[in-house]
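**Q**
Chains as they are written, first to last, in our numbering: chain A, 20 to 117; chain B, 10 to 697.
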């Protein structure tokens, strides 16, 4: 793999990781479509709570923490790839470095 | 007026059955132990804050120290500081009151707060931190030019003041109610203390104090919550309050069936729609992303990784406080329904703000009951301090360096001192006579942040095509539209643009943020996009690149696709919500009330009478404000009455259906409600 390809791959990875993380975190903290898709969740209970209430808080907070930690690890790796592939690389312009 | 008369006519039979006794309201009076210990805790706390601020002054030798705490604040301590910066007096006291009134809807709001907090560190914070300045406004200035920076600073000052006046007023009110101090004295003392320690210690003083305040808040909330839940019979789970009240849920379901219903809000009288929940994301989560004082904490971290880890810790602490507040809110609702309502007492909205203290005083020893007072003030101080710091930095660094580009570092620090102090004094002055719209001003701040800063920051970081004209147009359109629609409750120049029911403020966020986004993309594309290579190179650098490639972050497809989506959202948000579509007056006025519903109808009528009486009193008190406000009050009473009436009729219909064992599908509840709002058939028996 050439350095240009490595940079291109790192670029795509950064955009993809950010977009996916954004969407996943947004859905986890806004799981209201679940209420409309599965209205019966309100009738079930988990640890004494209505299932939708319990799931909302658990997914939006307790599950969010490890998911965010995983994102941090992945994004650090991507940042490292970006740094490694681009350090010392010439600018991708007709004149190279200005 | 004719609608009101129709309602009165409807209630006449029920009124005849109802008791006409004056409603009794619960009046909170702090015990001497709570008051004395509260003063003691508060004085100790304020002394500590001033001491920490004074000690921090020694570390301030440059503008980096004053405005960004020397970029040395990471990990757990920054996480604690982030969480206390985010959680305000409104969080500490207001969530309990909101739960008491809105129930499940607050869960959506709070989760959205948490989500926004994390989304900043994914989409914005790493790039802003790499840019290496102190505020979002500086980024906007360097990315889009000085005019955009000035517009951004104006937006920031307005947002900060909306936030600050509410917090300052809250501090004054806590002193007034808890310690019987005059409101002005409490406001001036509290305001001066916080202004002094922020001005003296700069970002260092602010950061250390916010860390300390987060610890105080956690203790002040956790200890009373555990005891309250234990006393109410929640068992061993009480020791983890966020999930400690499962055993009490059946009691709540019996006392108030709508508490855990995600499709109803406002005491079970208002149906929730998908659009309402969508509005939560655009107003609250996206608003959080744009708040300058939240983004500012990322600039204090030594590295990108530290900034992200701080967010992770912040999420832990924010969740602990938010969901412990839920536990207390739950307990307060249960206590209100089972104890106070049973004694014939009702809670007024102003007392609802103090429910956490009410509960603590009723169920915990005095030395613990005084803790929430200290916790609430710590929460208020931390947010006020964060906002004052952003004002000081915005004017002392951003604007001053624009006016005087060759200013020495020390003179920027001096300007920081001056403008932070002036910001504090101005806010105290404004809070002496706070405006009427305070209750919704914080939500408005979120909507404006979502409609101004958020689209400009996201597009400025992730799309090289965004340019100066697009950013300025987006900031102006987003700011002006959100202002007009918020204050006009969805109306613009007399025309109803957003018609989405009682939480219209949040739904306007969908429209205004989408409009700002759409405008930035369209104007930028029409004006040729960003051409300045220096800026384009900077965009690569803030994403971690060591070299430059003009093709990166420059795809117009992404921008056009999001703009098209924004346009769809604008249209959707402007369309009437079917849940609230106006319906013709229903024949239910003549429907006989079945026997099982008689009690409920009587209760509904009593509540309606009380609501109308309250509205009349309000109108009388504010006679000088004349017809407009009076009409609003009567309309509110009519809405409340109508909601209750519909509920009663719905319950009646349910009862008849059950009795006759009909296999027919549930009939729609009679549309008698003002505004044509028809709650689904869902009984709610709790009183407030």
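Think of the CB as a built atom: it goes at the ideal place given N, C-alpha and C, for glycine as much as any other residue.
How many whole angstroms separate the CB atoms of residue 403 of chain B and residue 427 of chain B, which I take to be in contact at a CB cut-off of 8 Å?
**A** Position 394 of the second chain, counted from the start, is the residue given in the question as residue 403 of chain B. Position 418 of the second chain, counted from the start, is the residue given in the question as residue 427 of chain B. Their Cβ separation, rounded to whole angstroms, is 13 Å, which puts residue 403 of chain B and residue 427 of chain B out of contact at 8 Å.
**Q** With 16 as the cutoff for other CB atoms within 10 Å, does residue 670 of chain B come out buried or exposed?
**A** Here residue 670 of chain B refers to the residue found at position 661 when the second chain is read from its first residue. Caution applies to residue 670 of chain B, whose pLDDT of 36 falls short of 50 and renders its modelled position unreliable; the value that the coordinates give is listed next. Answer is exposed; the Cβ neighbour count stays below 16.
**Q** Whose Cβ in chain B lies nearer than 8 Å to the Cβ of residue 111 of chain A?
**A** Along the first chain, one-based indexing puts residue 111 of chain A at 92. Going along chain B in sequence order, the residues near residue 111 of chain A (Cβ under 8 Å) are 556, 557, 558, 559 and 560.
**Q** I need the DSSP call for residue 279 of chain B, collapsed to helix, strand or coil.
**A** To locate residue 279 of chain B, count along the second chain from 1; it is residue 270. It is a strand residue.
**Q** Along chain A, which residues have their Cβ under 7 Å away from the Cβ of residue 568 of chain B?
**A** On the second chain, position 559 is the one that residue 568 of chain B refers to. Here the premise fails: no neighbours, minimum Cβ distance about 13 Å.
**Q** Look at residue 215 of chain B and residue 398 of chain B and say whether their C-beta atoms are less than 7 Å apart.
**A** Here residue 215 of chain B refers to the residue found at position 206 of the second chain. Here residue 398 of chain B refers to the residue found at position 389 of the second chain. Contact: yes.
**Q** Hey, residue 459 of chain B and residue 522 of chain B: beta-carbon distance below 7 Å or not?
**A** Taking the second chain and counting its residues from 1, one reaches residue 459 of chain B at position 450. Taking the second chain and counting its residues from 1, one reaches residue 522 of chain B at position 513. For residue 459 of chain B and residue 522 of chain B, yes; Cβs fall inside 7 Å.
**Q** Anything in chain B within Cβ reach of residue 61 of chain A, meaning under 9 Å, just list it in chain order.
**A** Within the first chain, the letter at position 42 stands for residue 61 of chain A. The contacting residues are 269, 270, 271 and 272.
**Q** Spatial neighbours of residue 173 of chain B within its chain, please: CB distance less than 7 Å, with the 5 preceding and 5 following residues excluded, ordered by chain position.
**A** Taking the second chain and counting its residues from 1, one reaches residue 173 of chain B at position 164. Cβ within range, chain order: 393, 396 and 436.
**Q** From what residue to what residue does the alpha helix (DSSP H) around residue 95 of chain B run?
**A** By 1-based counting over the second chain, the position of residue 95 of chain B is 86. 84-95 is the span of the alpha helix (DSSP H), which, as asked, contains residue 95 of chain B.
**Q** Residue 576 of chain B to residue 477 of chain B, Cα distance in whole Å?
**A** In the second chain, residue 576 of chain B corresponds to position 567, counting from 1. In the second chain, residue 477 of chain B corresponds to position 468, counting from 1. Taking the straight line joining both Cα atoms gives about 21 Å.
**Q** Rounded to whole angstroms, what is the Cα-Cα separation between residue 585 of chain B and residue 246 of chain B?
**A** What you label residue 585 of chain B is simply residue 576 of the second chain in a count that begins at 1. What you label residue 246 of chain B is simply residue 237 of the second chain in a count that begins at 1. The alpha-carbon atoms of residue 585 of chain B and residue 246 of chain B are separated by roughly 44 Å.
**Q** Return the first residue and the last residue of the alpha helix (DSSP H) that residue 233 of chain B is part of.
**A** Stepping through the second chain from its first residue, residue 233 of chain B is reached at position 224. Looking at the DSSP string, the run of the alpha helix (DSSP H) that includes residue 233 of chain B is 192-241.
**Q** Compute the Euclidean distance between the alpha carbons of residue 625 of chain B and residue 92 of chain B, then round it to the nearest angstrom.
**A** Reading the second chain from its first residue, position 616 is the one you call residue 625 of chain B. Reading the second chain from its first residue, position 83 is the one you call residue 92 of chain B. Legend: pLDDT at residue 625 of chain B = 38, less than 50; position of this residue unreliable, value from coordinates given subsequently. Roughly 42 Å between the two C-alpha positions.
**Q** Quick check on residue 148 of chain B: does DSSP put it in helix, strand or coil?
**A** As a first step, residue 148 of chain B must be located in the second chain, where it is residue number 139. Helix at residue 148 of chain B.
**Q** Is there contact between the segment 39-51 of chain A and the segment 95-112 of chain B, where contact requires at least three CB pairs shorter than 8 Å?
**A** Judged by Cβ distances under 8 Å, the segment 39-51 of chain A makes no contact with the segment 95-112 of chain B, as fewer than three pairs qualify.
**Q** Can you name, in chain order, every residue of its own chain whose Cβ lies under 7 Å from the Cβ of residue 271 of chain B, other than the five neighbours on each side?
**A** On the second chain, position 262 is the one that residue 271 of chain B refers to. Taken in chain order, the residues that qualify are 113 and 281.
**Q** Put residue 176 of chain B into one of helix, strand or coil per three-state DSSP.
**A** Here the question's residue 176 of chain B lines up with position 167 in the second chain. Three-state DSSP puts residue 176 of chain B in a helix.
**Q** Between which two residues does the alpha helix (DSSP H) holding residue 127 of chain B run?
**A** Walking along the second chain from the start, residue 127 of chain B turns up at place 118. Residues 113-132.
**Q** Can you tell me whether residue 617 of chain B is buried or exposed? The criterion is at least 16 other CB atoms within 10 Å of its CB, across all chains shown.
**A** By one-based count along the second chain, residue 617 of chain B stands at place 608. Note that residue 617 of chain B scores 40 on pLDDT, short of 50, meaning its location in the model is unreliable; the coordinates nonetheless yield the value given after this. Counting Cβ neighbours within 10 Å, residue 617 of chain B comes out buried, since at least 16 surround it.
**Q** Taking the alpha helix (DSSP H) that residue 571 of chain B falls in, what are its first and last residues?
**A** Your numbering for residue 571 of chain B matches position 562 in the second chain. Run containing residue 571 of chain B: 565-583, per the alpha helix (DSSP H) assignment.
**Q** Between the alpha carbons of residue 480 of chain B and residue 472 of chain B, how many angstroms are there, rounded?
**A** To locate residue 480 of chain B, count along the second chain from 1; it is residue 471. To locate residue 472 of chain B, count along the second chain from 1; it is residue 463. If you take the alpha carbons of residue 480 of chain B and residue 472 of chain B, they lie about 12 Å apart.
**Q** Among the candidates B:61, B:47, B:48 and B:71, whose CA atom is the shortest distance from the CA of residue 418 of chain B?
**A** Taking the first residue of the second chain as position 1, residue 418 of chain B is located at position 409. Ranking B:61, B:47, B:48 and B:71 by Cα distance to residue 418 of chain B puts B:71 first.
**Q** Three or more C-beta pairs closer than 8 Å, one from the segment 101-112 of chain B and one from the segment 357-375 of chain B: is that the case here?
**A** Taking 8 Å as the limit for Cβ pairs, the verdict is that the segment 357-375 of chain B does touch the segment 101-112 of chain B.
**Q** Only counting runs of 4 or more residues, tell me where the alpha helix (DSSP H) segments fall wholly within the segment 339-391 of chain B, in order along the chain.
**A** Entirely contained in the segment 339-391 of chain B, the alpha helix (DSSP H) runs reaching 4 residues are, in chain order, 358-361, 364-372 and 375-378.
**Q** List the residues that DSSP assigns as beta-bridge partners of residue 8 of chain A.
**A** The question about residue 8 of chain A has no answer, for chain A in this structure spans 20 to 117.
**Q** What separation, rounded to the nearest whole angstrom, lies between the Cα atoms of residue 165 of chain B and residue 175 of chain B?
**A** Position 156 of the second chain, counted from the first residue, corresponds to residue 165 of chain B. Position 166 of the second chain, counted from the first residue, corresponds to residue 175 of chain B. So the two alpha carbons sit approximately 16 Å from each other.
**Q** Is residue 21 of chain A close to chain B? Criterion is C-beta to C-beta, closer than 7 Å.
**A** Here residue 21 of chain A refers to the residue found at position 2 of the first chain. No - not a single Cβ of chain B is within 7 Å of the one on residue 21 of chain A.
**Q** Just the chain B side, please: which residues come within less than 9 Å of residue 70 of chain A by C-beta, in chain order?
**A** Numbered from its first residue, the first chain carries residue 70 of chain A at position 51. Neighbours of residue 70 of chain A on chain B: none; closest Cβ ~10 Å, over 9 Å.
**Q** Are there 16 or more other CB atoms within 10 angstroms of the CB of residue 587 of chain B, so buried, or fewer, so exposed?
**A** Along the second chain, read from residue 1 onward, the residue named residue 587 of chain B stands at position 578. Per the 10 Å Cβ criterion, exposed.
**Q** To the nearest angstrom, report how far apart residue 153 of chain B and residue 319 of chain B are at their CA atoms.
**A** Position 144 of the second chain, counted from the start, is the residue given in the question as residue 153 of chain B. Position 310 of the second chain, counted from the start, is the residue given in the question as residue 319 of chain B. Cα-Cα distance, rounded: 29 Å.
**Q** Please confirm whether residue 51 of chain A has its beta-carbon closer than 7 Å to some beta-carbon of chain B.
**A** Working through the first chain from its first residue, we reach residue 51 of chain A at position 32. At least one chain B Cβ lies under 7 Å of residue 51 of chain A.
**Q** So, with DSSP's three-state summary, where would you put residue 300 of chain B?
**A** Reading the second chain from its first residue, position 291 is the one you call residue 300 of chain B. Three-state result, residue 300 of chain B: coil.
**Q** Considering residue 100 of chain A, what are the terminal residues of the alpha helix (DSSP H) in which it resides?
**A** Working through the first chain from its first residue, we reach residue 100 of chain A at position 81. Per DSSP, residue 100 of chain A belongs to the alpha helix (DSSP H) from 83-105.
**Q** What separation, rounded to the nearest whole angstrom, lies between the Cα atoms of residue 268 of chain B and residue 118 of chain B?
**A** The sequence position of residue 268 of chain B within the second chain is 259, counting from 1. The sequence position of residue 118 of chain B within the second chain is 109, counting from 1. So the alpha carbons of these two residues sit roughly 15 Å apart.
**Q** Looking only at its chain, what residues have a beta carbon closer than 6 Å to the beta carbon of residue 103 of chain A, apart from the 5 residues adjacent to it on each side?
**A** Translated into the one-based positions of the first chain, residue 103 of chain A becomes position 84. Cβ neighbours of residue 103 of chain A beyond the five flanking positions: none.
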